[in-house]
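Undergrad:
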Amino acid sequence: MAGAGVAVTGAAHRWYVCGLREVRKAVRAKRARAVIIAPNIESVGAEGGLDDALSEILQLCEEQGTPALFAMSRKKMGELYGFRKRVSAVGLLQANGVEDLFPLLVKLGREGRAQWEALAPAAKQQVLLDGDVHREMTM
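Here the working numbering = 1-based position in the sequence shown + 101.
(1) What is the DSSP secondary structure of Tyr-117, counted as helix, strand or coil?
(2) Under 8 Å between the Cβ atoms of Glu-163 and Arg-125?
(3) Measuring only the C-alpha atoms, how far is Cys-119 from Ala-133?
(4) Which residue wins for smallest C-alpha separation from Arg-175, given the options Arg-187, Gly-166, Thr-167 and Pro-168?
(5) Which whole runs of the beta strand (DSSP E) in the region 150-198 are 3 residues long or more, in chain order?
(6) From Gly-179 to Ser-144, what distance separates their C-alpha atoms?
(7) Start and end of the beta strand (DSSP E) containing Val-207?
(8) Decide if Leu-202 is buried, meaning its Cβ has at least 16 other Cβ atoms within 10 Å, or exposed.
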């Protein structure tokens, strides 16, 4: 039988991707089940910059019904995934083993966003200053 002795590559078993480029690719291909974004991504307004990439990811997530959650700093997200570098975004491709917790994750993310939206602008600015967040996420 052809291919019987072929080993399965690591890419076949990936259940997440890290970084804005990889997350954008996964969302474009409709492979992302959820996207986690660090709220302290620096603003780069140049054409094709981080703002454009983030806007595209958020727009595609909304169109596809993919949850986009803001959590942790770039540094903490990198540490969580075992990287020395900072990570701006993570795309979850599979929820194997945590299917029962996944709806709770989405629910808590939506509740957190609703609480954020309910804050007065002055309170939001103070949270951003106190929480090592450099940019207000209004999306």
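Ideal Cβ placement from N, Cα and C applies to all residues, glycine included.
TA: In this structure, then:
(1) If you number the sequence shown from 1, residue 117 lands on position 16. Reduced to three states, the DSSP call for Tyr-117 is strand.
(2) Counting from one through the sequence shown, the residue named residue 163 turns up at place 62. Counting from one through the sequence shown, the residue named residue 125 turns up at place 24. Cβ distance not < 8 Å, so Glu-163 and Arg-125 don't count as in contact.
(3) Translated into positions along the sequence shown, residue 119 becomes position 18. Translated into positions along the sequence shown, residue 133 becomes position 32. Straight-line Cα distance between these residues: approximately 12 Å.
(4) Translated into positions along the sequence shown, residue 175 becomes position 74. Looking at the Cα atoms, Arg-187 is the closest of the given residues.
(5) 169-171 and 190-193
(6) Counting from 1 along the sequence shown, the entry for residue 179 is found at position 78. Counting from 1 along the sequence shown, the entry for residue 144 is found at position 43. Taking the straight line from one Cα to the other gives about 19 Å.
(7) As a working note, residue 207 is residue 106 in the sequence shown. Per DSSP, Val-207 belongs to no beta strand (DSSP E); it is in the alpha helix (DSSP H), 203-219.
(8) For the purposes of this step, residue 202 is taken as residue 101 along the sequence shown, with counting starting at 1. Counting Cβ neighbours within 10 Å, Leu-202 comes out exposed, since fewer than 16 surround it.
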